[in-house]
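Following my numbering, the numbering of the sequence shown begins with 472 at its first residue and continues without gaps. Below: the structure, in structure tokens.
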Amino acid sequence: MAGIHSVLVTGAWRGIGLEFTKQFLTNPDFRAEIVIATCLVPAEAKDLLELQEKHSALHILELDVTKFDTFNELVNKVQAIVGHRGLTLLINNAGIGSPMHKLESIDADRYIAVLKTNTVGPVLLTKALLPLLRQSASVNAARYHDRPLSITRAAVINITSIFASILQTGSDKTMEKVRAYGYRESKTALNMATQLMSRELEEDGILVESIHPGFVITDMTAQLKATTTTETSVTSMLKTMLDFSEKNKIGFRSYDGEIIPF
Ligand SMILES: NC(=O)c1ccc[n+]([C@@H]2O[C@H](COP(=O)([O-])OP(=O)(O)OC[C@H]3O[C@@H](n4cnc5c(N)ncnc54)[C@H](OP(=O)(O)O)[C@@H]3O)[C@@H](O)[C@H]2O)c1
Numbered sequence: 472m473a474g475i476h477s478v479l480v481t482g483a484w485r486g487i488g489l490e491f492t493k494q495f496l497t498n499p500d501f502r503a504e505i506v507i508a509t510c511l512v513p514a515e516a517k518d519l520l521e522l523q524e525k526h527s528a529l530h531i532l533e534l535d536v537t538k539f540d541t542f543n544e545l546v547n548k549v550q551a552i553v554g555h556r557g558l559t560l561l562i563n564n565a566g567i568g569s570p571m572h573k574l575e576s577i578d579a580d581r582y583i584a585v586l587k588t589n590t591v592g593p594v595l596l597t598k599a600l601l602p603l604l605r606q607s608a609s610v611n612a613a614r615y616h617d618r619p620l621s622i623t624r625a626a627v628i629n630i631t632s633i634f635a636s637i638l639q640t641g642s643d644k645t646m647e648k649v650r651a652y653g654y655r656e657s658k659t660a661l662n663m664a665t666q667l668m669s670r671e672l673e674e675d676g677i678l679v680e681s682i683h684p685g686f687v688i689t690d691m692t693a694q695l696k697a698t699t700t701t702e703t704s705v706t707s708m709l710k711t712m713l714d715f716s717e718k719n720k721i722g723f724r725s726y727d728g729e730i731i732p733f
């Protein structure tokens with residue numbers, strides 16, 4: 472397999488984002504030459520700072536995905552790190568959950584914050600990083616004439632959720648019970664944005680896909696009975712992501728490769 476030159480992971484301080492960072496640094500099947508882990512407060516990101524002591528490939532940058540006016544500054548820093556080869560892979564992982572409220576209890580500020588973090592942030596960040604993704608697609612073009620779309624050429628992976636599926640909204644008790652207004656719409660909207668971007672950017676050689684990580688044991692699911700470790704989730708997602716090669720029209724992928732209907 473051709474290796475991944477550079478990857479940027481958002482929300483890398485803990486949970487799934489931290490595990491992505493670890494695996495891009497240490498898993499021989501997915502190791503990247505440059506790993507950019509972004510988080511809200513780098514000085515406090517103890518696990519990332521410890522990883523950086525052992526891995527010179529790791530760069531830690533500050534990023535709040537809702538502070539859109541900081542994105543240009545971030546892009547300049549990323550450009551300085553990745554150089555002429557551009558950015559190979561962007562993983563839009565940062566996200567926040569919603570309380571499981573009934574309609575009458577929705578709090579407007581939280582509702583808007585969830586949509587801003589989970590939907591608007593990833594789309595605008597992708598927009599800001601597009602020149603660097605295009606650069607990667609172009610530098611790698613010759614190697615990919617028979618398989619134009621790949622996470623090792625140029626790609627954006629949006630971390631979505633099975634709760635985004637409209638078809639499965641009430642398919643079983645859990646799906647029915649998890650009302651999470653805000654969160655569920657934010658991921659459904661992210662899936663639509665993924666579809667739009669994947670169609671628009673295909674001609675540039677940039678793959679855009681969304682993937683559900685499973686029901687993973689992290690702070691986000693602390694009140695729930697999650698069953699999958701971050702390590703299993705991320706290893707499976709990476710294997711599944713390696714097979715992504717064309718735009719997907721019927722649904723989005725689960726970490727194990729299964730297609731979840733829109
Ligand atoms: N866990 C699951 O079962 C599950 C299932 C489906 C989908 N997902 C999705 O997977 C992704 C990762 O979730 P997780 O389970 O790892 O959750 P988590 O442990 O709560 O981690 C979320 C990460 O996002 C960061 N973050 C939150 N708001 C941010 C902002 N405005 N700007 C930048 N970073 C921000 C957090 O930073 P701080 O630590 O600094 O707050 C944290 O590092 C999310 O998109 C989530 O929706 C998770």
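Don't be surprised by glycine CBs; every beta carbon is placed ideally from N, CA and C.
query: Would you say P602 and V536 are within 9 Å of each other, going by their C-beta atoms?; result: no
query: From which residue to which residue does the beta strand (DSSP E) around L479 run?; result: I475 to V480
query: Compare the Cα-Cα distances from I688 to each of T699, C510, Q694 and D714 and report the closest residue.; result: T699
query: Ordered along the chain, which non-local residues of its own chain (more than five positions away) have a Cβ less than 7 Å from that of P684?; result: I487, I630, S704, M708 and Y726
query: In chain order, what residues of the same chain have a beta carbon less than 8 Å from the beta carbon of N543, not counting five sequence neighbours either side?; result: A599
query: So, are the CB atoms of S569 and I628 less than 9 Å apart?; result: no
query: Given a cut-off of 9 Å on the beta-carbon distance, is the pair I637 and T659 in contact?; result: yes
query: Enumerate in chain order the residues of its own chain whose CB-to-CB distance from Q606 is below 6 Å, with the five nearest sequence positions on each side excluded.; result: G557
query: Going along the chain, which residues put their C-beta within less than 6 Å of some heavy atom in ligand 1?; result: T481, G482, W484, R485, G486, I487, G488, C510, L511, L534, D535, V536, T537, N564, A565, G566, I567, T588, I630, S632, H683, P684, F686, V687, T689, D690, M691, T692 and A697
query: Is the separation between the beta-carbon of V478 and that of A516 shorter than 9 Å?; result: no
query: How about the stretch 571-582 and the stretch 524-534: do they share at least three Cβ pairs that are nearer than 8 Å?; result: no
query: Skipping 5 residues on each side, what residues in its chain have a beta carbon closer than 6 Å to that of R618?; result: S716
query: Looking at the structure shown, is S621 part of a helix, part of a strand, or coil, going by DSSP?; result: coil
query: Between which two residues does the alpha helix (DSSP H) holding S725 run?; result: Careful: S725 lies outside any alpha helix (DSSP H), inside the beta strand (DSSP E) at G722 to S725.
query: Excluding sequence positions up to five away, which residues of its chain have a Cβ less than 6 Å from the Cβ of Q494?; result: F501 and V705
query: Where does the unbroken alpha helix (DSSP H) through T711 begin, and where does it stop?; result: T701 to D714
query: Using C-beta distances below 7 Å, list every residue in its chain close to N662, excluding the 5 sequence neighbours before and after it, in chain order.; result: T631, A635, S681, F723 and F733
query: Which residue's Cα is closest to the Cα of E674: T640, T692, A608 and A697?; result: A608
query: Which same chain residues, not among the five before or five after A651, have their C-beta less than 6 Å away from its C-beta?; result: S569 and M571
query: Under the assumption that L620 contacts G676 (Cβ atoms under 8 Å), give the Cβ distance between them as a whole number of angstroms.; result: 7 Å
query: Would you report the Cα separation of N589 and N563, rounded to the nearest angstrom?; result: 9 Å
query: Kindly indicate which three-state DSSP category A503 falls into: helix, strand or coil?; result: strand
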